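Residue numbers (the numbering used here), protein chains in the order written: chain A, -3 to 314; chain B, 744 to 1010.
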């Protein structure tokens, strides 16, 4: 056992952020149908709007066919795996087959191991995630509000990402004990950077003319922040939050793996110490599902909070 | 002519450039706008028209010279005039209605009162039925009207319009010119418009100042003695063509001028 699942980092936050604001141009271009100049007939206009909305809904097709494909890919890989185990007669403790892993889920021992430990992980990941949002957004606002702070903090933040969290995990456990504290610290170290960079970048990308216009309408700096800057940074915030929530689960698990008395990372340690390879993999499956669920929850929240910044996949660009 | 509401006196604006001599955007510009007047500033790109408007809106200050707006106190000009920028800058996270009422929200007018006042103007602005729409659903012409409504709802006597129809197609632009012309009769406002469209300037204005390119100077002033209300058909009359011709001549003469000439041109 040398690597941990889920520790590898996804691509940089910038890659996510860049996918964001491009779609706006196309929606504006498509809106020219409604005549200008004379008061438009409301009924006609509304039916036009409705057709546009219906068209957008119908495009949901890519999503379903995408799911189908990913199920097929997983099925193919599982089939190869099962075939390899059967072909070379591999023992369960060397490499369990997918069927054995599935059977492990049926065992009472595995179920109770997962159920008693998953809540610990969820609590730590959530606490860490919340803390990382506060730290991440706080740092972004500090960097945005002062040039001196920006110049001072940015290099430090980048340097902080060069420190392998794996290397300091053990130190954190020694310093902070076996409780949730070191896990929360690991989660913050893991994920604040994604939040800081995306929020900071989206604060910067706001068209400077908008605050200018609001100031000519008599807005105070505080009103400019509330009316323009914060709502404009919301899509960037969610980009960061989606990355951070995925890191949060793996960060908490890593913290548990280094030293703890509970959690999925602890369960993993127990199972591998007992040479229960099918159980180890069952726990890994649960970890992946937990990450996915956390990501999906944030994505749903994003859709609800930022309906104007709906991200569309590249093939739908006009 | 009544008392001037805007007085611009010998305004010069220079911008520092790295490793180069400062760029002179405006050089000794003087003009006035009287209450109730519609005045246009016409000039090619880079003649400092927008800079001038931004200074009147309080977003910039002159290097030398003096800008006065009748309603303003001694301090900043921010919040004195209604300023409509070139791009509509509508906020996509707000509905059309909430974009329009933002000035009232800033002034802490209670929301029901703000919405009631905005709704009263939705029909005149041709936006009825789009109160709850998102700005992304509107055409370019409608977006500009929302932007103008936002400016008008700020309740200022003086409106500064920076190429409001510059990004629109010619047909939509002509429609909006006619619409704005009729709207003006209902609004009790003084308007300073910046444009590079001679038709727009001649059709809408009482007076047109022609500016020379880099450095920006007032090269000529042309009164537009067309009676109001102005049906759009006048834009094809000989009288209108002659006015447009004189603006064009002034614009061409300004481009070749080496020295400032305030009374020059063909006006």
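The beta-carbon is built from N, C-alpha and C at its ideal position, and this holds for glycine as well. Model, not experiment: these values are computed from the prediction.
Below 7 Å on C-beta distance, what does residue i contact in chain A?
{"i": "residue 897 of chain B", "result": "213"}
{"i": "residue 764 of chain B", "result": "None at all; the shortest Cβ gap to chain A is about 26 Å."}
{"i": "residue 877 of chain B", "result": "304"}
Inspect the beta-carbon positions of residue i and residue j and report whether they are closer than 8 Å.
{"i": "residue 262 of chain A", "j": "residue 252 of chain A", "result": "yes"}
{"i": "residue 944 of chain B", "j": "residue 983 of chain B", "result": "no"}
{"i": "residue 896 of chain B", "j": "residue 846 of chain B", "result": "yes"}
{"i": "residue 893 of chain B", "j": "residue 850 of chain B", "result": "no"}
{"i": "residue 796 of chain B", "j": "residue 810 of chain B", "result": "no"}
{"i": "residue 937 of chain B", "j": "residue 993 of chain B", "result": "no"}
{"i": "residue 961 of chain B", "j": "residue 772 of chain B", "result": "yes"}
{"i": "residue 821 of chain B", "j": "residue 212 of chain A", "result": "yes"}
{"i": "residue 794 of chain B", "j": "residue 769 of chain B", "result": "yes"}
{"i": "residue 852 of chain B", "j": "residue 873 of chain B", "result": "no"}
{"i": "residue 241 of chain A", "j": "residue 125 of chain A", "result": "yes"}
{"i": "residue 816 of chain B", "j": "residue 752 of chain B", "result": "no"}
{"i": "residue 304 of chain A", "j": "residue 836 of chain B", "result": "yes"}
{"i": "residue 270 of chain A", "j": "residue 106 of chain A", "result": "no"}
{"i": "residue 978 of chain B", "j": "residue 942 of chain B", "result": "yes"}
{"i": "residue 748 of chain B", "j": "residue 757 of chain B", "result": "no"}
{"i": "residue 169 of chain A", "j": "residue 176 of chain A", "result": "no"}
{"i": "residue 92 of chain A", "j": "residue 78 of chain A", "result": "no"}
{"i": "residue 857 of chain B", "j": "residue 863 of chain B", "result": "no"}
{"i": "residue 136 of chain A", "j": "residue 202 of chain A", "result": "no"}
{"i": "residue 174 of chain A", "j": "residue 255 of chain A", "result": "yes"}
{"i": "residue 999 of chain B", "j": "residue 788 of chain B", "result": "no"}
Along chain B, which residues have their Cβ under 7 Å away from the Cβ of residue i?
{"i": "residue 219 of chain A", "result": "849"}
{"i": "residue 229 of chain A", "result": "Going along chain B, no residue has its Cβ under 7 Å from residue 229 of chain A, so there is no contact; the nearest lies around 11 Å."}
Can you tell me whether residue i is helix, strand or coil according to DSSP?
{"i": "residue 101 of chain A", "result": "helix"}
{"i": "residue 139 of chain A", "result": "helix"}
{"i": "residue 764 of chain B", "result": "strand"}
{"i": "residue 23 of chain A", "result": "Residue placement at residue 23 of chain A cannot be trusted, given a pLDDT of 40 that sits under 50; the coordinates are not used to answer."}
{"i": "residue 302 of chain A", "result": "coil"}
{"i": "residue 991 of chain B", "result": "helix"}
{"i": "residue 174 of chain A", "result": "coil"}
{"i": "residue 747 of chain B", "result": "strand"}
{"i": "residue 270 of chain A", "result": "coil"}
{"i": "residue 808 of chain B", "result": "strand"}
{"i": "residue 123 of chain A", "result": "helix"}
{"i": "residue 878 of chain B", "result": "helix"}
{"i": "residue 189 of chain A", "result": "helix"}
{"i": "residue 775 of chain B", "result": "strand"}
{"i": "residue 759 of chain B", "result": "strand"}
{"i": "residue 887 of chain B", "result": "helix"}
{"i": "residue 260 of chain A", "result": "helix"}
{"i": "residue 961 of chain B", "result": "strand"}
{"i": "residue 852 of chain B", "result": "coil"}
{"i": "residue 868 of chain B", "result": "coil"}
My guess is that residue i and residue j are in contact by the Cβ rule of under 8 Å, so how many angstroms apart are they, rounded?
{"i": "residue 188 of chain A", "j": "residue 132 of chain A", "result": "4 Å"}
{"i": "residue 236 of chain A", "j": "residue 191 of chain A", "result": "4 Å"}
{"i": "residue 884 of chain B", "j": "residue 915 of chain B", "result": "4 Å"}
{"i": "residue 955 of chain B", "j": "residue 786 of chain B", "result": "7 Å"}
{"i": "residue 904 of chain B", "j": "residue 867 of chain B", "result": "That belief does not hold up - the Cβ atoms of residue 904 of chain B and residue 867 of chain B are roughly 17 Å apart, past 8 Å."}
{"i": "residue 1017 of chain B", "j": "residue 806 of chain B", "result": "Because chain B is modelled from 744 through 1010, residue 1017 of chain B falls outside the range shown and cannot be assessed."}
{"i": "residue 274 of chain A", "j": "residue 130 of chain A", "result": "Not really, about 40 Å apart at Cβ, beyond 8 Å."}
{"i": "residue 947 of chain B", "j": "residue 781 of chain B", "result": "6 Å"}
{"i": "residue 127 of chain A", "j": "residue 290 of chain A", "result": "That belief does not hold up - the Cβ atoms of residue 127 of chain A and residue 290 of chain A are roughly 15 Å apart, past 8 Å."}
{"i": "residue 276 of chain A", "j": "residue 268 of chain A", "result": "5 Å"}
State yes or no: is the beta carbon of residue i nearer than 8 Å to at least one beta carbon in chain E?
{"i": "residue 204 of chain A", "result": "The structure shown has no chain E; the protein chains it does contain are A and B."}
Against residue i, what residues of chain A qualify as contacts under a CB-to-CB distance less than 9 Å, listed in chain order?
{"i": "residue 834 of chain B", "result": "206, 223, 224, 227, 228, 304"}
{"i": "residue 801 of chain B", "result": "211, 212"}
{"i": "residue 830 of chain B", "result": "203, 205"}
{"i": "residue 975 of chain B", "result": "In chain order: nothing, as chain A lies at least about 11 Å away."}
{"i": "residue 826 of chain B", "result": "208, 209, 212, 213"}
Since residue i meets chain B, which of its residues come closer than 8 Å, beta carbon to beta carbon?
{"i": "residue 317 of chain A", "result": "Here chain A covers residues -3 to 314 and nothing more, so residue 317 of chain A does not appear."}
Using the beta-carbon of each residue, which ones in chain A are nearer than 8 Å to residue i?
{"i": "residue 924 of chain B", "result": "What residue 924 of chain B touches in chain A: nothing, since even the nearest Cβ is about 12 Å away."}
{"i": "residue 822 of chain B", "result": "211, 212, 213, 214"}
Are three or more beta carbon pairs between the stretch 863 to 883 of chain B and the stretch 227 to 246 of chain A nearer than 8 Å?
no
Could you say if the stretch 884 to 900 of chain B and the stretch 912 to 927 of chain B meet the contact criterion of at least three C-beta pairs nearer than 8 Å?
Three or more pairs of CB atoms, one per stretch, sit closer than 8 Å, so the stretch 884 to 900 of chain B contacts the stretch 912 to 927 of chain B.
Any 3 or more C-beta pairs closer than 8 Å across the stretch 103 to 115 of chain A and the stretch 287 to 296 of chain A
no
Hey, is the stretch 922 to 929 of chain B in contact with the stretch 971 to 981 of chain B, meaning 3+ C-beta pairs nearer than 8 Å?
yes
For the 8 Å Cβ check, are there 3 or more pairs between the stretch 223 to 231 of chain A and the stretch 194 to 203 of chain A?
yes
Does the pairing of the stretch 215 to 229 of chain A with the stretch 162 to 177 of chain A give three or more beta-carbon distances under 8 Å?
no
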